[in-house]
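Q: My questions all concern the structure below.
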Amino acid sequence: MAKKPIPSIRINPMKVEPEWLVDKLSEEGWELERIPWYDYGCRVIRGPERLGNTPWHQLGLYYVQEAASMIPPVVLRPEPGLKILDLAASPGSKATQIAEMMSFKGLLIANDVNPARVDALAANVQRMGSLNVVVTISDGRRAPQKFGYNVFDKVILDAPCSSLGEVRRSWGALARWSPKSVNKISKLQVSLAKAAYQTLKPGGLMVYSTCTLEPKENEWVVYNLVRMGAIIEKPEIRGLKWRPGLEGWMNWEFGKEMKRTMRVYPQDNDTLGFYVALLRKPT
-14 MAKKPIPSIR INPMKVEPEW LVDKLSEEGW ELERIPWYDY GCRVIRGPER LGNTPWHQLG
46 LYYVQEAASM IPPVVLRPEP GLKILDLAAS PGSKATQIAE MMSFKGLLIA NDVNPARVDA
106 LAANVQRMGS LNVVVTISDG RRAPQKFGYN VFDKVILDAP CSSLGEVRRS WGALARWSPK
166 SVNKISKLQV SLAKAAYQTL KPGGLMVYST CTLEPKENEW VVYNLVRMGA IIEKPEIRGL
226 KWRPGLEGWM NWEFGKEMKR TMRVYPQDND TLGFYVALLR KPT
């Protein structure tokens, strides 16, 4: 946990042939290692300069993105032609990844509530050339009123969280942690998750994810969606070691189906900590 994770990038296959970029970066002195759970992800073992300083980054040929952060879009399985909502999209790592997985065909709404963060989101969408993305600013808790009920084929909520899964990268999250702060953010997460679920079409899929391992920010939130009728699906993802979600915690009983959700511990894949749940809305 004390060792910082290896930096990683996500190659943009809509702008460049991945093998060409890997070869080019290798010629320039970068040592890359493929990430097994995403075809266009690479760990950067070493390199001659900062990843954000290269012309290839400025051209949108790759996005600097932590390896575990690539998991939620893979679990969502976006396809060309769908209508998808990313409810808390800033700064745009998952939104641009989803757009690329859609081959820039269909519609992806990338929303965030914070105007300053939306500026970063819009800049990344433009840099990556994500032509099918519409950036919006609104309170995600009012998503059904903003976008409509039962309208999206797929929805992703990478929720604001306590970020405890990022402790190995920065101790700041641990310094800010308190039971009071977790309770406060959990209430927000439940509100956002319920709103996101309401925008999902019957039969549609939703991913809920966080970069924390706090049960009240993860299983508890998903449990609230199950109480609304959501069905937890087992994710399909190769090359990743993950552990089942908690059936219960302290005095809470979440149910055996919670074992189909994913806990990604830092030591298992040399990543940050992550939680991912895949849910289906019944028809």
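Following the working numbering, the numbering of the sequence shown begins with -14 at its first residue and continues without gaps.
Using N, Cα and C, we set each Cβ at its ideal position, and we do this for glycine too.
Here the structure is a predicted model, which is why all the values come from computation and not from measurement.
I think residue 67 touches residue 87, with their Cβ atoms under 8 angstroms apart; what is that distance to the nearest whole Å?
A: Confirmed, about 7 angstroms.
Q: Tell me which residue opens and which closes the beta strand (DSSP E) that residue 176 is part of.
A: That residue, residue 176, is in no beta strand (DSSP E); its alpha helix (DSSP H) goes 164 to 184.
Q: Could you say which of 59, 171, 91, 65 lies nearest to residue 78 if we only look at CA atoms?
A: 59
Q: Mapping the DSSP letters down to three states, classify residue 195 as helix, strand or coil.
A: Residue 195: strand per DSSP, three-state reduction.
Q: On the CB-based measure, 16 or more other CB atoms within 10 Å of its CB, does residue 134 come out buried or exposed?
A: exposed
Q: Tell me whether residue 205 sits in a helix, a strand or coil according to DSSP, three-state version.
A: It is helical.
Q: Could you round the C-beta distance between residue 90 and residue 57 to whole angstroms and report it? I think they count as a contact, below 8 angstroms.
A: Between residue 57 and residue 90 the Cβ distance is about 20 angstroms, and since that is not below 8 angstroms, they are no contact.
Q: Looking at residue 204 and residue 243, is the spacing between their C-beta atoms short of 8 angstroms?
A: yes
Q: Would DSSP call residue 37 helix, strand or coil?
A: helix
Q: Of the choices 38, 264, -6, 5, whose alpha-carbon is the least far from that of residue 18?
A: -6
Q: Starting from residue 81 and walking both ways along the alpha helix (DSSP H), at which residues does that stretch end?
A: 78 to 86
Q: What's the gap between the Cα of residue 141 and the Cα of residue 262?
A: 10 angstroms
Q: Let me know if residue -14 comes out buried or exposed under the rule of 16 or more other beta-carbons within 10 Å of its beta-carbon.
A: Residue placement at residue -14 cannot be trusted, given a pLDDT of 48 that sits under 50; what the coordinates show is reported in the next sentence. Classification of residue -14: exposed, given that the 10 Å Cβ count is below 16.
Q: How many Å lie between residue 28 and residue 228 at the Cα?
A: 22 angstroms
Q: Can you tell me whether residue 53 is buried or exposed, with buried defined as 16 or more other CB within 10 angstroms of its CB?
A: Residue 53 should be labelled buried.
Q: Provide the residue span of the alpha helix (DSSP H) that contains residue 12, from first to last.
A: 3 to 12
Q: What's the C-alpha gap between residue 20 and residue 119?
A: Cα to Cα, the separation comes out at about 29 angstroms.
Q: Determine whether the beta carbon atoms of residue 260 and residue 213 lie at a separation below 8 angstroms.
A: Not closer than 8 angstroms, so no.
Q: Cα separation between residue 256 and residue 179?
A: The straight-line gap from Cα to Cα measures roughly 29 angstroms.
Q: Between which two residues does the alpha helix (DSSP H) containing residue -1 stretch?
A: Unbroken run through residue -1: none, as it is neither H nor E.
Q: Based on DSSP bridge pairs, tell me the residues matched to residue 60.
A: Residue 60 pairs with nothing; no bridge assigned.
Q: What number of angstroms, rounded off, separates the C-alpha of residue 177 from the C-alpha of residue 31?
A: 39 angstroms
Q: How should residue 254 be labelled, buried or exposed, when 16 other C-beta atoms within 10 angstroms of its C-beta is the threshold for buried?
A: buried
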